[in-house]
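Engineer: Numbering-wise, the sequence shown is residues -28 to -1, 1 to 331 according to mature numbering (1 follows the signal peptide of the UniProt record, and there is no 0).
C-beta atoms are modelled at their ideal positions from N, C-alpha and C, and glycine is treated no differently.
Predicted model only: the values in this text are computed from it and were never measured.
Below is the structure I would like to discuss, written out as structure tokens.
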Amino acid sequence: MKKMLKLSTAVMVLIVLFLGVSSSAVWAQSDDGTSTFQTLSHIEDILYGRTKSGGLIERLGNIEKDLFGRELPGSIAERQRAILDFLEKGTSGQPSMIFKLGVAEWAINQKVDAYGPVNRRVDSLETILEGTAHPDKPVAMRLERILGLILSENVTWQDAEIPQGQVLRVKFKDTLSPAAVKAGDNVHLELAEDLVSGSMLLAPAGSRALAHVESVTKPRSFGRPAEIKIGADTLLPLGPEMIALTIGEKADKATKAESAQIAAAGTSFIGAILLGPVGLAGGMLVRGDAKEIAAGTELFVETAETVRISAYPVPAGLQGMVRPAAVSEEGSSDTVSTNETQGVAEAPATNDDTLTPIN
């Protein structure tokens, strides 16, 4: 009982901190064109995976009680901004709830359920640890309790840099049917393996990567197959930043190398039907007679620019789950890489350089 009270107090201290930070900027935030109802729907989507019905005040109060066990003080705008900052942004000294949740999932499952709503993800972690979920308790307090069970240190974050042209292996989350897609459709991808730099975890396996259908050409005369041009957009790491993606020369090189290796073994890879890059748009053409691209099919993308993001400094007790980054040709040990793509990025690679978790 005392431990639960301590957790509840700690969570309320955090949300009061976020209220203090957000109240001074709430009017500036309203200038971004996002309405109160849009913000509320976004929060509900993060927490529940769907927009709920009812009046604005009732819905906001239910969110606060589900998250913190009580309603918060302040205006509607202040309360919404505090919740959103608590969930997504964090502060310089306090990681966001989504960041902490990703760390907890990675520590337990070696991947994250980035497309799932927060409440379901916390339910799943409790079930794995204790055999049952505790939906009657505030979600924020439940997550802090989970972290206390699996980690001996508080979750913190630090800046890390990802260089331009870093090759990443991703996979399709859903089956893509050439007959059913149209230009502008979203394509949901997920990171196939951890992205780390030394002992810093930047994006765990399962992190969301977003793409889109740029154009669709139906089958044409003389047996010419259908074509779908896919453009890569962003990777969402542990922190609140977004990493711009593209499909360029290095991703193309990785795809061709993988295709050749797998074809030699008598199997198939999406590289056999992906031909790119395409022009200057950084896209990838899907060609052929395949009826669909199955969920889980892998491909390569690359970072479009150098960017600094918030990363998790893995404590000593968990560092057996990651391995140091490969040393680049320039001698830097800070090169961000993943196990399957180091050779493509022209960094020395051996079996000892793998960066995937040790299961």
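Does the beta-carbon of glycine 7 have 16 or more other beta-carbons within 10 angstroms, so that it is buried, or is it exposed?
Structural biologist: Correcting the residue identity first, residue 7 is serine in this sequence and not glycine. Under this definition serine 7 is an exposed residue.
Engineer: Pull up the DSSP beta-bridge partners for leucine 173, would you.
Structural biologist: BP columns for leucine 173 point to Val168 and Tyr284.
Engineer: Quick check on the DSSP output: the alpha helix (DSSP H) that includes leucine 119 runs from which residue to which?
Structural biologist: From DSSP, the alpha helix (DSSP H) with leucine 119 extends over 111 to 122.
Engineer: Around the C-beta of alanine 155, are 16 or more other C-beta atoms found within 10 angstroms, so that it is buried, or is it exposed?
Structural biologist: Exposed, since its Cβ has fewer than 16 Cβ neighbours within 10 Å.
Engineer: Helix, strand or coil: which one does DSSP assign to histidine 106?
Structural biologist: Three-state result, histidine 106: coil.
Engineer: Can you check which of these residues, Gly103, Val142 and Ala112, is closest to arginine 180 by C-alpha distance?
Structural biologist: Among Gly103, Val142 and Ala112, the Cα nearest to that of arginine 180 is on Val142.
Engineer: Look at the alpha carbon of isoleucine 48 and the alpha carbon of methionine 214, and state the distance between them as a whole number of angstroms.
Structural biologist: Near 28 Å, if we compare the C-alpha coordinates of methionine 214 and isoleucine 48.
Engineer: Using a Cβ-Cβ cut-off of 6 Å (strictly less than) and excluding sequence neighbours within five positions of serine 240, which residues of its own chain qualify?
Structural biologist: Note that serine 240 scores a pLDDT of 49, beneath 50, so its modelled location is shaky and nothing firm can be said.
Engineer: Tell me the rounded alpha-carbon separation between lysine 225 and isoleucine 122.
Structural biologist: One C-alpha to the other measures close to 40 Å.
Engineer: To the nearest whole angstrom, what separates the beta carbons of leucine 97 and glutamate 77, a pair I think is in contact under 8 Å?
Structural biologist: The Cβ separation is near 7 Å, so the contact holds.
Engineer: Please classify glutamine 52 as buried or exposed, where buried requires at least 16 other C-beta atoms within 10 Å of its C-beta.
Structural biologist: Answer is buried; the Cβ neighbour count reaches 16.
Engineer: Aspartate 166: which of Lys83, Asp131, Phe40 and Pro285 sits nearest, CA to CA?
Structural biologist: If we check each option's Cα against that of aspartate 166, Lys83 comes out closest.
Engineer: Would you kindly report the start and end of the unbroken beta strand (DSSP E) that includes leucine 140?
Structural biologist: Leucine 140 -> beta strand (DSSP E) spans 139 to 144.
Engineer: Look at leucine 39 and alanine 112 and say whether their C-beta atoms are less than 8 Å apart.
Structural biologist: In this structure, alanine 112 lies closer than 8 Å to leucine 39 by Cβ.
Engineer: Taking the C-alpha atoms as reference points, what is the distance between glutamate 43 and phenylalanine 58?
Structural biologist: Each residue's Cα considered, the two are about 14 Å apart.
Engineer: Look at the Cβ atom of lysine 61, then the Cβ atom of proline 176, and state whether they are nearer than 8 Å.
Structural biologist: Contact flag unset, no.
Engineer: Would you call alanine 223 buried or exposed, if buried means 16 or more other Cβ atoms sit within 10 Å of its Cβ?
Structural biologist: With 16 or more Cβ atoms within 10 Å of its Cβ, alanine 223 is classed as buried.
Engineer: Measure the C-alpha to C-alpha separation of alanine -1 and glutamate 50 and round it to an integer number of angstroms.
Structural biologist: In this predicted model, alanine -1 has a pLDDT of only 37, less than 50, meaning its place in the structure is not dependable enough to derive any value.
Engineer: Near threonine 206, which residues of its chain fall below 8 Å by C-beta distance, leaving aside the five closest residues on each side in sequence?
Structural biologist: Result list for threonine 206: Ala181, Leu182, Met214, Ile215, Ala216 and Leu217, in chain order.
Engineer: Going by alpha carbons, who is nearest to residue 352 out of Pro107, Val168 and Leu161?
Structural biologist: In the structure displayed, the chain extends from -28 to 331; residue 352 sits before or after that span and is not available.
Engineer: Measure how close the beta-carbons of asparagine 91 and leucine 32 come, nearest whole angstrom, since I'm counting them as under 8 Å.
Structural biologist: That pair is no contact at about 16 Å.
Engineer: What are the boundary residues of the alpha helix (DSSP H) that includes valine 75?
Structural biologist: Residues 69 to 81.
Engineer: Between the C-alpha atoms of alanine 132 and glutamate 277, what's the straight-line distance to the nearest angstrom?
Structural biologist: Each residue's alpha carbon lies about 14 Å from the other.
Engineer: Grab me the residues of glutamate 36's own chain with a C-beta within less than 8 Å of its C-beta, minus the 5 sequence neighbours each way, in chain order.
Structural biologist: These residues qualify, in order along the chain: Arg42, Glu43, Leu44, Arg51 and Ile55.
Engineer: Nearest-angstrom Cα distance between serine 13 and threonine 23?
Structural biologist: Rounded to the nearest angstrom, the two C-alpha atoms are 5 Å apart.
Engineer: Using 10 angstroms around the beta-carbon of alanine 288, count the other beta-carbons present and answer buried if the total reaches 16, otherwise exposed.
Structural biologist: Alanine 288 should be labelled exposed.
Engineer: Pull up the distance between the alpha-carbon of serine 124 and that of valine 75, whole angstroms please.
Structural biologist: Cα-Cα distance, rounded: 13 Å.
Engineer: Does DSSP classify glutamate 264 as helix, strand or coil?
Structural biologist: Three-state result, glutamate 264: coil.
Engineer: Going by C-alpha to C-alpha distance, which of Pro107, Ile265 and Leu119 sits closest to methionine 69?
Structural biologist: Ranking Pro107, Ile265 and Leu119 by Cα distance to methionine 69 puts Leu119 first.
Engineer: Within its chain, find whatever has a CB closer than 7 Å to the CB of valine 153; leave out the 5 residues flanking it on each side and keep chain order.
Structural biologist: Excluding positions up to five away in sequence, the list reads Val185, Val188 and Ile200.
Engineer: Name the two residues that bound the continuous alpha helix (DSSP H) containing isoleucine 48.
Structural biologist: First-last of the alpha helix (DSSP H) with isoleucine 48: 48 to 56.
Engineer: Which residues share a DSSP beta bridge with glutamine 130?
Structural biologist: The partner list for glutamine 130 (beta bridge, DSSP) reads Ala283.
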